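This report refers to the structure that appears directly beneath it.
There are 2 protein chains.
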Amino acid sequence: MSTIQKVAKEAGVSVATVSRTFNLPDKVNAETRKIVEQAAARLRYIPNASARSLRTQRSQTLGVVLPTLNNPVFAECLQGIAQAAAAAGYSIMPFTTDYLLKQEESAVRALHGFGVDGLILVVSDPRASATLDFVREQNIPYVLAYNSNDEHPCISVDNPAAFARMVAYLVSLGHQRIAMVSGRRSDSDRAQQRYSGFLAGMTAAGLQPHQAIIEVPFIDNAVDQIVQALQHKPRPSALVCSNDLLAIRAIRAAHQLGLRVPDDISITGFDGIRLGQDLTPSLTTISQPNADIGRYSVSLLIQCLSQGSKPGPSASLLLNYVLCPAESSAPPSQVLGG
Amino acid sequence: MSTIQKVAKEAGVSVATVSRTFNLPDKVNAETRKIVEQAAARLRYIPNASARSLRTQRSQTLGVVLPTLNNPVFAECLQGIAQAAAAAGYSIMPFTTDYLLKQEESAVRALHGFGVDGLILVVSDPRASATLDFVREQNIPYVLAYNSNDEHPCISVDNPAAFARMVAYLVSLGHQRIAMVSGRRSDSDRAQQRYSGFLAGMTAAGLQPHQAIIEVPFIDNAVDQIVQALQHKPRPSALVCSNDLLAIRAIRAAHQLGLRVPDDISITGFDGIRLGQDLTPSLTTISQPNADIGRYSVSLLIQCLSQGSKPGPSASLLLNYVLCPAESSAPPSQVLGG
DNA sequence: TTGTACGCGTTATCAT
DNA sequence: ATGATAACGCGTACAA
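Top line first, the protein sequences correspond to chains A and B.
In case it helps, our numbering puts the first sequence at residues 1 to 338.
In case it helps, our numbering puts the second sequence at residues 1001 to 1338.
See the structure below:
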């Protein structure tokens, strides 16, 4: 391995000069700089990040904690994080939790030991989170992504409003028997907020939620569970799903019952994963700017870091969402409607 | 921040004893160990990873370089990597390249500067790769994922054989006019290997490839491009796509032309992304064990590291793939067949 | 069993 | 403009 020492020897200067050549180029004579640069190139010198961060107390690394990369929402977000971080000269260190609180916490501990400069977190629920307690106690700069909570800096969309808007859209198409499909609401604040948006939307339209919420504990066998639920009559004319992954499975469930989408039943998602628009039928959904949520999280964090400050609740950003009407929704059929 | 020094003072012992308490527990008296552990817990001591890796020359960190997380294949793989790494006490540091060689290289340079213990790479083409030259020159332990090449340690499936098998399956259904849809073959060795598998499969069946290969440079407007291609008569009765993302778009293209899948045209993918089986029609595909490819990469790497060796070409693993017949493929219709 | 002291590769302070 | 050197936090030979 080539170190700053070897470069110094090779160039016939002191280590201090080599260091300056890279960190404070204008503080070194143009000629000597050339010499050093060439020596460094010859030895393929690459500064040792551990030594640097030990010395500077900054790692140029951002920790990321999210539930799972098997949901494209978070994969797209991490892609945005990766791009923005790389562009700013930062590395990232992601951990996945599979929605397990224990893993949230151990991930943050590992990240702290690592000395990350900041944290981007998607936590289960910010309201009672040992993870966040720890982060605050250690005074680590952080941003929450997708979560929204008054007491923390959050990059998110207005989940209740967005979900209510989806309901309003379906109502405007003529739907009245609308049922919601949700994952475990205890898994995340998003699930809860979307549910409250559902209730608000229905109330605003003067409607009662159609039958109990269809709660799908495990997404693996979601199709079967939705098939079950759809067999109760009267059947809803529209299904609003808590996320796109669930919506895709709901569409499958409908087909298994011989129902056409959207002719016999409308189905909507939430998240705006890229694949949604290429499906057939394409997915009516609330599109969140997933990559941007990641990018903004990075830039907010980095901006604060450069100022020696850290993001507070007032730095929260509510990004725009877009209701994307697509082929999976349509007015209810006459036969079933009423 | 609490350091080993402070813990030592708090416990009334030397720093060496504190260090040993965590790294060589049996070399320290049970009583003093208790005292140290309690002191450490009281101060919420977490060892500084930079200092440790500077000292030990090992970072307990694995670098990962892959094209993009917007393709679920790589997202699922990274999920597997993240799980396996965390379980083994390693952190990961991923970079995305967007299929750009420049970024492949700069990622690896950054990772090297960081002092990662090993590298998991999905490169464009191992045959002529400045990235791999650098990695070898620096003597960094590495594994290639998805790539397959005799001169490198690779975790992958037999792409040509798998693709040929897909062709054979369609032929067995009665298809004869089979066309291939591919991304830019210059983008990756996988694309090339799958294409050669296509040719081999067709030859083995005594068939000519139906019309020229449908090459889709950019996946964003893939649907339009496939629509264009499908308008030439005679139309293929089956479309074999180079990956699942392309297949999903091909299905959409078919629908736009009023073709039913699989009644009027069969469409197959490759990769086995999880979503595929929940689509309607569900996707006939070659299913790769994406998460396992990640997990095996990690364990191979870590195993070698613990032995002080590094993976060589002979450590390559060819994992099993599974042909998954599903709803997007069926025998050709009588009208169009022949 | 425990403590002392050096060095890992940098950056930054203070001289020159 | 450049050089010598201390310090970042830790692990480990070596000494006690």
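For every residue, glycine included, the Cβ atom is placed at its ideal position computed from N, Cα and C.
Here the structure is a predicted model, which means the values were calculated and not measured.
Closer than 9 Å at the C-beta level to chain A, one finds these residues of the segment 1234-1258 of chain B: Leu1245, Ile1248, Arg1249, Ile1251, Arg1252, Ala1254, His1255 and Gln1256.
Per DSSP, Tyr1195 of chain B lies in no beta strand (DSSP E); the unbroken alpha helix (DSSP H) holding it starts and ends at Asp1189 to Ala1204. Listed along the chain, the chain B residues whose CB falls inside 7 Å of the CB of Gly115 of chain A are Asn1048, Ala1049 and Ser1050. Cα atoms of His1152 of chain B and Thr96 of chain A: separation of roughly 29 Å, rounded to the nearest angstrom. At least one beta carbon of chain B lies nearer than 9 Å to the beta carbon of Asn70 of chain A. With contacts defined as CB atoms closer than 9 Å, Leu239 of chain A and Thr268 of chain A qualify as a contacting pair. Given a length threshold of 4 residues, each whole run of the alpha helix (DSSP H) inside the segment 259-332 of chain A is given here in chain order: 290-306. Rounded to whole angstroms, Val73 of chain A and Ile273 of chain A show a C-alpha spacing of 6 Å. Pairing Ser148 of chain A with Gln193 of chain A gives a Cβ-Cβ distance under 9 Å.
Annotation: Cβ neighbours of Gln79 of chain A in chain B (cutoff 7 Å, chain order): Thr1068, Leu1069, Asn1070 and Thr1096. Residues of the same chain with a CB within less than 7 Å of the CB of Ile1251 of chain B, apart from the 5 flanking positions on each side, are Val1261, Ile1267 and Ser1328 in chain order. DSSP places Val65 of chain A within a strand segment (E or B) once states are collapsed to three. Taking 9 Å as the threshold, the shortest C-beta distance from Thr1268 of chain B to chain A does not fall below it.
Membership of Thr131 of chain A in the alpha helix (DSSP H) is indicated by the continuous run Ala130 to Glu137. Between Ala1051 of chain B and Leu54 of chain A, the C-beta spacing is below 9 Å.
Taking Thr1284 of chain B as the centre and dropping the five residues before and after it, the same chain places the C-beta of Thr1268, Pro1325, Ala1326, Ser1328 and Ser1329 closer than 6 Å to its C-beta, in chain order. Proximity of the segment 1174-1185 of chain B to the segment 1298-1308 of chain B falls short of the contact definition, fewer than three beta-carbon pairs being nearer than 8 Å.
Nearest Cα to Met166 of chain A within the set A:Ser106, A:Asp292, A:Asp271 and A:Lys9: A:Asp271. Interface with chain B (9 Å Cβ-Cβ cutoff): Ser287 of chain A is excluded. Ala1145 of chain B sits close to Ile1155 of chain B, with the two beta carbons spaced by under 9 Å. Counting only residues of its own chain and dropping the five nearest sequence neighbours on each side, Ala200 of chain A has a CB closer than 7 Å to the CB of Pro160 and Ala164. Proximity to Ile1214 of chain B across B:Pro1067, B:Phe1198, B:Ser1287 and B:Ser1333 peaks at B:Phe1198, based on C-alpha coordinates. Look at Leu101 of chain A: its C-beta is not under 9 Å from any C-beta on chain B.
Annotation note: the segment 1141-1184 of chain B contains the following uninterrupted alpha helix (DSSP H) runs of length 4 or greater, listed N- to C-terminal: 1159-1173. With 16 or more other CB atoms across the displayed protein chains lying within 10 angstroms of its CB, Gln225 of chain A is buried. The beta carbon of Ser1124 of chain B does not come within 9 Å of any beta carbon belonging to chain A, so the residue lies off that interface.
Only those residues of the segment 1279-1312 of chain B whose C-beta falls short of 9 Å from the nearest C-beta of chain A are listed: Leu1279, Thr1280, Pro1281, Ser1282 and Ala1291.
What His112 of chain A touches in chain B, judged by beta-carbon distance under 8 Å, is Ile1046, going in chain order.
Under the three-pair Cβ rule at 8 Å, the segment 1034-1050 of chain B counts as touching the segment 1002-1010 of chain B.
Here Pro209 of chain A has Ile178, Ala179, Met180, Phe198, Leu199 and Met202 as same chain residues with Cβ atoms under 8 Å from its own Cβ, once five neighbours each way along the sequence are excluded. One Cα belongs to Glu1037 of chain B, the other to Gln79 of chain A, and the distance between them is close to 40 Å.
Chain A places a beta carbon closer than 9 Å to that of Ser1053 of chain B, counting this residue as a contact. A check of alpha carbon separations from Gln228 of chain A across A:Leu259, A:Ala85, A:Ala253 and A:Ile35 identifies A:Ala253 as the nearest.
Contact between the segment 1105-1112 of chain B and the segment 1308-1320 of chain B is absent: fewer than three C-beta pairs spanning the two stretches fall below 8 Å. Chain-order list of chain A residues neighbouring Glu1037 of chain B: empty, with the shortest C-beta distance near 16 Å, by a criterion of under 9 Å. In this model, Asp1187 of chain B and Asn139 of chain A are separated by some 44 Å (Cα to Cα).
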